[in-house]
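To keep things clear, I will list the structure first and then write my remarks on it.
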Amino acid sequence: MNEQGLNEVEASVGDDNTGLPEWKISKLRTHKYGKKPKFRWWWQKKKKFVADDSQCTICLVDYEKGDKIMTLPCNHIYHKDCILHWFKENRVCCVCKREVY
1 MNEQGLNEVE ASVGDDNTGL PEWKISKLRT HKYGKKPKFR WWWQKKKKFV
51 ADDSQCTICL VDYEKGDKIM TLPCNHIYHK DCILHWFKEN RVCCVCKREV
101 Y
């Protein structure tokens, strides 16, 4: 494998500085599953983009009413604890791979 190939592999695997910064995480919406967010326009927009939001795609467990969830700018939702763990090593949505902010 050539040097460029190794650099690409390193970039895809990541290093100690690949996690999402705390200031970006603090901008994400957190709410309880089963309750509509206060901002109605945001809820309507979310419904257009997320086809199936009944299960966390990280832990594969169905959401239950009252679960704390986080919504990313791409409108994918996850259990708060699951996505926070994901962001320790990643800066992107684990479904669509969009960079967060």
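In terms of UniProt numbering, the sequence shown has 101 at position 101, counting the first letter as 1, and numbering is strictly consecutive.
Even for Gly, the Cβ is constructed at its ideal location relative to N, Cα and C.
Treat the numbers as computed from the prediction; the structure is a model and nothing was measured.
Check: Can the beta-carbon of L20 be found less than 8 Å from the beta-carbon of N90?
Finding: When the beta-carbon positions are compared, L20 and N90 come within less than 8 Å of each other.
Check: Which residue's Cα is closest to the Cα of K97: K68, T57, E22 and Y33?
Finding: Taking the Cα of K97 as reference, the smallest distance to any Cα among K68, T57, E22 and Y33 is reached at T57.
Item checked: Check whether K24 and V100 have beta carbons under 8 Å apart -> Against a cut-off of 8 Å, the Cβ pair of V100 and K24 comes out as a contact.
Next item on the list: Between the Cα of D67 and those of H31, L60, V95 and D53, spot the shortest distance and give me the residue it belongs to.
Entry: Looking at H31, L60, V95 and D53, the one whose alpha-carbon comes closest to that of D67 is H31.
Check: Just to confirm, are residue 124 and L72 a CB contact at a threshold of 8 Å?
Finding: Residue 124 cannot be examined here, being either before or after the span of the chain that is shown, 1 to 101.
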